[in-house]
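Peer 1: In the working numbering, the protein residues as written are 1 to 241. Glycine included, C-beta positions come from ideal geometry on N, C-alpha and C.
This is the structure:
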């Protein structure tokens, strides 16, 4: 199940942080490191900072887009310290680890870490089912990527050691992230086609609808039903990409 957990670093600026993240992962038996558009990689500095966690760097995957990195994942959690206009469900690290561990028994999950200077953008938070927040000194709460990753990875590893028996019957086969993204694109197009919204006014509405459907965790058949309803509302016209 630990092999089903992806650590995704987005547009990392300093290659040393990639190496430090790899070291934190190997400490806690995580192996899937995914890099989205890193500024400098491969890098000798990353290898040096990995301090022996070369195997993580050797098998890490580099993607041009976040969509590619998340393909096939059933759950996405974003690490973010900032509150946003539209609130996402937030978890503390231990609760996050419990959720991640339960979901990893059914398929791949991803934990996202944003840029060193600005974290995750709203468009990336839109892909998350939950956010994880690490409580820290309110007068000095800044954690670097490797520190934040170490805290969350530790909690996940504790879950693996506890070997808690998840009631798998209670975890249905949910739609993958890429299937949900296709639905959201279809929903936006359908709303425009029937005159319910227009592109200039719908950004906040679309974000709220994302939160609604991500919270519901529909299964693949339910997504197909929803898309069928959208097609009927459009007069069965094909969705424009």
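#1: Between which residues of its own chain and residue 126 is the CB-CB distance below 7 Å, once the five residues before and five after are set aside?
#2: Exposed or buried, which one is residue 114 when buried takes at least 16 other CB atoms within 10 Å?
#3: How long is the line joining the alpha carbons of residue 99 and residue 27, rounded to whole angstroms?
#4: Would you tell me roughly how many angstroms separate the C-alpha atoms of residue 167 and residue 193, rounded to the nearest one?
#5: Output yes or no for whether 8 Å exceeds the beta carbon distance between residue 20 and residue 146.
#6: What's the gap between the Cα of residue 230 and the Cα of residue 172?
#7: With DSSP as the reference, label residue 158 as helix, strand or coil.
#8: So, for residue 149: in the same chain, excluding its five sequence neighbours on each side, which residues have a beta-carbon less than 6 Å away from its beta-carbon?
#9: Which of helix, strand or coil does DSSP assign to residue 19?
#10: Use the C-beta contact count for residue 196: other C-beta atoms within 10 angstroms, 16 or more gives buried, fewer gives exposed.
#11: Where does residue 69 sit, in a helix, a strand or coil, going by DSSP?
#12: Tell whether a beta-carbon distance below 8 Å holds between residue 214 and residue 129.
#13: Taking 8 Å as the cut-off, does the region 40-49 touch the region 70-83 (at least 3 CB pairs, one atom from each stretch)?
#14: When the Cα of residue 122 is compared with those of 66, 137, 174 and 156, which residue comes out closest?
#15: Go through its chain and collect everything with a Cβ distance to residue 181's Cβ below 8 Å, but skip five positions before and after it.
#16: Just the C-alpha distance for residue 60 and residue 2, rounded to the nearest angstrom, thanks.
#17: Using a threshold of 8 Å, state whether the C-beta atoms of residue 108 and residue 73 are closer than that.
#18: Can you give me the start and stop residues for the alpha helix (DSSP H) that residue 48 sits inside?
Peer 2: For this structure:
#1: 207 and 210
#2: buried
#3: 21 Å
#4: Confidence at residue 167 is low in this model, with a pLDDT of 49, below 50, so the placement of that residue is unreliable and no value is reported for it.
#5: yes
#6: 24 Å
#7: helix
#8: 21 and 24
#9: helix
#10: exposed
#11: helix
#12: yes
#13: no
#14: 66
#15: 67 and 127
#16: 15 Å
#17: yes
#18: 44-50
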